[in-house]
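Below: one structure, written as C-alpha coordinates.
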Amino acid sequence: MWHTPDCPQWTIMQIDWEADSRRIKEQDGWAKDVFPAAHERLKQAAAAMPPDTAAQPFVAALTELVQAQANTTGFVVLHEWVEILERHFPPRLPDPNEVAE
(Lines of atoms letter the chains of each structure in order from A and count residues from 1; the text may use other names and numbers.)
(Lines give C-alpha, C1' and ligand atoms only; values in the text may rest on other atoms or scores of the structure.)
Protein backbone atom coordinates (compact mmCIF):
# COMPACT_ATOMS: atom_id res chain seq x y z
CA MET A 1 0.00 0.00 0.00
CA TRP A 2 1.36 3.43 -0.91
CA HIS A 3 0.80 6.55 1.15
CA THR A 4 1.35 10.16 0.26
CA PRO A 5 3.44 12.22 2.71
CA ASP A 6 0.32 14.00 3.99
CA CYS A 7 -1.74 10.81 4.46
CA PRO A 8 -3.28 10.67 7.96
CA GLN A 9 -2.98 6.89 8.08
CA TRP A 10 0.75 7.14 7.28
CA THR A 11 1.21 9.72 10.05
CA ILE A 12 -0.56 7.48 12.57
CA MET A 13 1.60 4.52 11.53
CA GLN A 14 4.78 6.58 12.03
CA ILE A 15 3.62 7.76 15.46
CA ASP A 16 2.88 4.12 16.44
CA TRP A 17 6.32 2.96 15.22
CA GLU A 18 8.06 5.68 17.19
CA ALA A 19 6.05 4.89 20.33
CA ASP A 20 6.82 1.17 19.96
CA SER A 21 10.51 1.90 19.47
CA ARG A 22 10.58 4.11 22.56
CA ARG A 23 8.74 1.46 24.61
CA ILE A 24 11.18 -1.26 23.52
CA LYS A 25 14.18 0.91 24.45
CA GLU A 26 12.63 1.59 27.87
CA GLN A 27 11.97 -2.12 28.43
CA ASP A 28 15.51 -3.03 27.38
CA GLY A 29 16.96 -0.41 29.70
CA TRP A 30 14.86 -1.63 32.61
CA ALA A 31 15.79 -5.27 31.92
CA LYS A 32 19.51 -4.48 31.71
CA ASP A 33 19.29 -2.72 35.08
CA VAL A 34 17.27 -5.45 36.81
CA PHE A 35 18.75 -8.60 35.23
CA PRO A 36 22.00 -8.80 37.26
CA ALA A 37 20.18 -8.69 40.62
CA ALA A 38 17.51 -11.16 39.48
CA HIS A 39 20.21 -13.46 38.12
CA GLU A 40 22.06 -13.30 41.45
CA ARG A 41 18.86 -14.19 43.34
CA LEU A 42 18.37 -17.18 41.04
CA LYS A 43 21.94 -18.38 41.67
CA GLN A 44 21.48 -18.00 45.44
CA ALA A 45 18.18 -19.90 45.38
CA ALA A 46 19.74 -22.65 43.24
CA ALA A 47 22.70 -22.96 45.61
CA ALA A 48 20.32 -23.31 48.56
CA MET A 49 18.51 -26.29 46.97
CA PRO A 50 19.39 -29.69 48.44
CA PRO A 51 21.39 -31.61 45.81
CA ASP A 52 19.24 -34.75 46.09
CA THR A 53 15.90 -33.09 45.30
CA ALA A 54 13.94 -34.21 42.26
CA ALA A 55 13.92 -30.62 40.98
CA GLN A 56 17.73 -30.40 40.87
CA PRO A 57 18.10 -31.09 37.11
CA PHE A 58 15.50 -28.42 36.37
CA VAL A 59 17.19 -25.91 38.67
CA ALA A 60 20.61 -26.65 37.20
CA ALA A 61 19.34 -26.36 33.62
CA LEU A 62 17.50 -23.11 34.33
CA THR A 63 20.54 -21.64 36.07
CA GLU A 64 22.79 -22.58 33.16
CA LEU A 65 20.33 -21.21 30.60
CA VAL A 66 20.08 -17.91 32.45
CA GLN A 67 23.88 -17.75 32.64
CA ALA A 68 24.07 -18.39 28.89
CA GLN A 69 21.62 -15.54 28.35
CA ALA A 70 23.72 -13.29 30.59
CA ASN A 71 26.77 -14.06 28.44
CA THR A 72 25.13 -12.87 25.22
CA THR A 73 23.71 -9.58 24.00
CA GLY A 74 21.02 -11.30 21.93
CA PHE A 75 19.19 -14.54 22.43
CA VAL A 76 20.61 -17.90 23.40
CA VAL A 77 20.71 -19.79 20.12
CA LEU A 78 18.94 -23.12 19.71
CA HIS A 79 22.06 -25.31 19.65
CA GLU A 80 23.14 -23.87 23.04
CA TRP A 81 19.69 -24.65 24.49
CA VAL A 82 19.95 -28.21 23.21
CA GLU A 83 23.50 -28.66 24.58
CA ILE A 84 22.39 -27.47 28.02
CA LEU A 85 19.21 -29.56 28.05
CA GLU A 86 21.08 -32.66 26.83
CA ARG A 87 23.61 -32.18 29.61
CA HIS A 88 20.94 -32.02 32.33
CA PHE A 89 18.39 -34.35 30.74
CA PRO A 90 20.39 -36.92 28.78
CA PRO A 91 18.47 -39.41 26.65
CA ARG A 92 17.79 -42.70 28.34
CA LEU A 93 19.76 -45.42 26.63
CA PRO A 94 18.24 -48.89 26.42
CA ASP A 95 19.19 -51.17 29.29
CA PRO A 96 21.37 -53.95 27.84
CA ASN A 97 20.18 -56.28 30.64
CA GLU A 98 16.54 -55.75 29.75
CA VAL A 99 15.01 -58.45 27.56
CA ALA A 100 13.35 -57.12 24.43
CA GLU A 101 9.88 -58.44 23.76
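Quick note: the sequence shown uses this note's numbering, first residue 210, plus one each step.
Glycine included, every Cβ here is placed at the ideal spot set by N, Cα and C.
Supposed close pair residue i, residue j - CB separation, criterion 8 angstroms
i: Gln-278; j: Val-286; result: With a Cβ gap of about 11 angstroms, Gln-278 and Val-286 do not count as contacting.
i: Ala-270; j: Leu-294; result: 6 angstroms
i: Pro-266; j: His-297; result: 5 angstroms
Start and end residues, alpha helix (DSSP H) containing residue i
i: Met-258; result: Taken as a continuous stretch (DSSP letters only), Met-258 belongs to no alpha helix (DSSP H), as it is neither H nor E.
i: Leu-274; result: 265-279
C-alpha distance - residue i paired with residue j, whole-angstrom precision
i: His-248; j: Val-275; result: 7 angstroms
i: Asp-215; j: Gln-223; result: 12 angstroms
i: Glu-307; j: Val-291; result: 29 angstroms
i: Ala-246; j: Trp-239; result: 12 angstroms
i: Thr-213; j: Trp-219; result: 8 angstroms
i: Leu-302; j: Ala-264; result: 21 angstroms
i: Asp-261; j: Asp-304; result: 23 angstroms
i: Asp-229; j: Pro-217; result: 18 angstroms
Residue i in three-state terms, based on DSSP
i: Asp-215; result: coil
i: Thr-220; result: helix
i: Phe-244; result: helix
i: Val-286; result: coil
i: Glu-295; result: helix
Interface flag, residue i vs chain D, CB-CB below 8 angstroms
i: Trp-211; result: In the structure shown, chain D does not exist; there is a single protein chain.
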